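From first to last, the protein sequence lines stand for chains A and B.
For what it's worth, the numbering used here labels the leading residue of the first sequence as 162, then goes sequentially.
For what it's worth, the numbering used here labels the leading residue of the second sequence as 32, then goes sequentially.
What follows is a short report on a single structure.
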Amino acid sequence: MQTPVLANSRSSLAGGSASGAAQEPTLKVDDLWVNYKTQRGAVQAVRGVSFEVGLGETLAFIGESGCGKTTLGLALIRLLPKTAVIPRGKAIYSRNGLATDLLKMDQGALREFRWKECAMIFQGAQNAFNPILRIRDQVLDTAQAHGESNPNRVRERVLELFRLVSLDPERVLNAYPHELSGGMRQRVLLALGLLLDPQLIILDEPTTALDILTVRSVIEVLRDLRKQIDFSLILISHDLSLAAELADRVGTMYAGMLVEVANVMDTYYHPYHPYTIGLIRAVPTLSGEHRDLISIPGSPPDLITPPKGCAFNPRCPYATDECREQQPPLLNVGVDHQVACWNWQTVVADQGSRLIMGARAQA
Amino acid sequence: MAAMMELFNLERSFKIGRSTVRAVDGVNLRVNEGEVVCVVGESGCGKTTTGKMAVGLLRPTGGEVRYRGKDIWQMTPAEFRKYRQAVQIIHQDPYSSLNPTQTIGDILAAPLMRHSIARNRLDARNRAAELLRTVDLTPPNDFLDKYPHQLSGGQRQRVSVARALTVHPSFIMADEAVSMLDVSIRVSLLKMLGRFRKEMGMTYLFITHDLAVARFFAWDGRIAVMYLGRVVEIGPTPRLIGEPQHPYTKALLSAIPEADPRATRNKERVALRSMDVPSLKNVPPGCSFHPRCPLFVPGLCDVEVPKLTDIGHATEVACHVVAAEHARAEGSKVPG
């Protein structure tokens, strides 16, 4: 069964404490910053992000390219490139009542942390299998590298996981990567990620470049896994439909910040932040009325010199002087709903009246 | 309406080692003047190959491409030049389709000079500026002397559009033209392309894997769904999306995730008999969808290739079962 790495390597974990509270979130990130050093100056890719993910919960980060969502994922598993620095922040990981700041882990603790506690599946990783090794050998390699040396035990766990992700274990284990379709390789990766029973999985764009019917199968497999295994899932995607399928809560990122965090229904049906509203209005849909789509004017800011005040103010129709002067904090504005906008009440009132007008026009 | 582009039994096979792959296998498609036709399908369905043949980039191994009634491969060199000028392309990747060593001004001036549209360098520069204004890159002087790497993805794709417009085309083939762009930028580009229909009477062959994008862009046009080199269903957009007829179209539409949690989580899915997409090297006999199709009839679907059949509402479907049902319904109508 699972061997809690935190218990084994307690001595190597700075700040480890046995609080015993079972309801501790798996991950609690507080004021996390990530900068990339460049010749032009520091690119502030993540700027003061705070959030929590509970056990069994799926949190999705949505946002457009360059918003910092992948950097955030890499920071959490401490795989940032050498040019990156984390000037500030905490990321408290808890399991079985033991908590540790994963930003303070040393290399030894990190080795234990990765895969046993947290697995990240990268964008396009289904194409990164070693082409000359059978899947079986790659699975064994992974297990051995992370301290599981009993091949029989690994095999048993793999058989179980492959069945969970709807793969025929015998066929797939003996196959070379090129003999499997993109969707099958993605499912092998999911099984591989779960191999050492981690409590946190980070998926970065898991369905990009897959065909529609394959995307559907990956979504269904993820949904089944969530029902059968207890783990926390962080989903990073530019694709709003993937978050709509899988997320319990959604964090909208813009210019390195979380501008809105809400339960999935609020995010899609009652968004408060003008950027979230803009994103959702810009996505074409298949069902429902053929409605006009509205694009967001302008483009995202340069993160070497982010704009003063709210980063979205140059593109925002609701921007006021306050927005141009001061960064709005992420405020609790409803049940499981946080938004960083000075004018959120005006926005909500305006959106509400628009919806009513739309309903009247149809009647 | 007059047909601008017609594809007749279009075929294209490629030799891979000793085997032959039929990427496009008997496609019939007509694009009328001023119309938008979207070709949708998953990777390997032959949509890009079809598009390339339509614009004369690839020679078919069978069938014909007719532009304004003329087979493009039987044209005189002068006619062919005219056709290639009238038919322009927007590629998927704005990062690799623009020459990185040329300024935006040079990129736009080159075709203007080559086709003798501009009288001299100065005229070319003025026309390039005008084109930038057309694609909403304003003020043009901010862009003319920049290099592609200094622009964002959305701006680059606008330059690609401006370049396509240099030679006053009447037909644009866009292959996944907005797939690499962020959602907020995607819409403004689609709207701009739509605007050209009204302003310039532009005709589009729009190739995409994204049915929601197709629905938005071709709402008053038609969608053709391709599967393994063949068109399986074609019809007016609202009808094809709202009441899909071919089992493959139904499966696709039911599988697509949408940015609407309630709708997407509660959608009824079409269950397929197999998740495996057959290899193009080994296309199943008869209807190539039969190994996965929930309506499969043994002895019919695995023997005979279904032809596109008119089932009313300007919709054609290549399915034995759907066609038979339609014929039965028609037959049972009381005459008179």
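Think of the CB as a built atom: it goes at the ideal place given N, C-alpha and C, for glycine as much as any other residue.
Source: prediction; values computed, not measured.
For residue 454 of chain A, at least one C-beta of chain B is nearer than 7 Å to its own C-beta. If you look at residue 186 of chain B, you'll find it in the alpha helix (DSSP H) that goes 184-196.
In this structure the segment 440-450 of chain A touches the segment 289-307 of chain B; the number of beta carbon pairs closer than 8 Å is three or more. Residue 123 of chain B counts as buried, since at least 16 other C-beta atoms from the protein chains shown sit within 10 angstroms of its C-beta. Per DSSP, reduced to three states, the secondary structure at residue 351 of chain B is helical. By the criterion of a C-beta distance shorter than 7 Å, residue 352 of chain B is surrounded in its chain by 326, 328, once the five residues flanking it on both sides are discounted.
Within chain B, 286 have C-beta atoms less than 7 Å from the C-beta of residue 377 of chain A, given in sequence order. Ranked by Cα distance from residue 453 of chain A, the options B/38, B/112, B/219 are led by B/219. Residue 479 of chain A has a beta carbon lying at 7 Å or more from every beta carbon in chain B. Look at residue 69 of chain B here: in three-state DSSP terms it is strand. Listed along chain B, the residues sitting closer than 8 Å to residue 429 of chain A by beta-carbon distance are 290, 291, 292. For residue 372 of chain A, the chain B residues whose C-beta falls within less than 7 Å of its own C-beta are 73, 74, listed in chain order.
C-alpha of residue 434 of chain A to C-alpha of residue 474 of chain A: approximately 12 Å in a straight line.
If you draw a 10 Å sphere on the C-beta of residue 430 of chain A, you find fewer than 16 other C-beta atoms in it, and that means exposed. Using a Cβ distance threshold of 7 Å, residue 248 of chain B and residue 221 of chain B count as a contacting pair. Among the CB atoms of chain B, one or more fall inside 7 Å of the CB of residue 401 of chain A. Contact between the segment 243-260 of chain B and the segment 56-76 of chain B is present: three or more C-beta pairs spanning the two stretches fall below 8 Å. Non-local beta-carbon contacts of residue 299 of chain B in its own chain, meaning distances under 8 Å to residues more than five positions away in sequence, involve 285 in chain order.
For chain A, none of the residues of the segment 315-329 of chain B brings a beta carbon within less than 7 Å of one of its beta carbons.
Residue 493 of chain A has its alpha-carbon roughly 47 Å from the corresponding atom of residue 267 of chain B. For residue 78 of chain B, the uninterrupted alpha helix (DSSP H) segment begins and ends at 78-85. Of the candidates B/316, B/233, B/152, the residue whose Cα lies closest to the Cα of residue 335 of chain B is B/316. Counted as a single uninterrupted DSSP element, the beta strand (DSSP E) harbouring residue 198 of chain A occupies residues 188-199. The continuous stretches of alpha helix (DSSP H) do not include residue 279 of chain A, which lies in the beta strand (DSSP E) extending over residues 279-282. Approximately 7 Å separates the beta-carbon atoms of residue 407 of chain A and residue 384 of chain A; this is inside 8 Å, confirming the contact. Between residue 443 of chain A and chain B, the shortest Cβ-Cβ separation is below 7 Å. Taking a cut-off of 8 Å on C-beta distances, the segment 187-205 of chain A touches the segment 236-246 of chain A, as three or more cross pairs fall below it.
Contact annotation: the segment 280-289 of chain A touches the segment 359-376 of chain A, with at least three C-beta pairs closer than 8 Å. For residue 387 of chain A, there is no enclosing beta strand (DSSP E); the residue is found in the alpha helix (DSSP H) stretching over 373-389. Residue 191 of chain B has a beta carbon lying at 7 Å or more from every beta carbon in chain A. Relative to residue 398 of chain A, the option among B/118, B/214, B/357, B/302 whose CA is nearest is B/214. Inter-segment contact for the segment 205-212 of chain A and the segment 225-239 of chain A is present: three or more beta-carbon pairs are separated by less than 8 Å. The contact set of residue 134 of chain B on chain A, defined by CB atoms closer than 9 Å, is empty, because the minimum CB distance reaches about 20 Å. Taking the C-beta atoms as reference points, residue 465 of chain A is found no nearer than 7 Å to residue 224 of chain A.
Taking 3 residues as the shortest admissible run, the segment 262-307 of chain A contains the following complete beta strand (DSSP E) segments, listed from N- to C-terminal end: 279-282.
With distances taken between CA atoms, residue 274 of chain B lies nearest to B/343 out of B/140, B/343, B/169, B/337.
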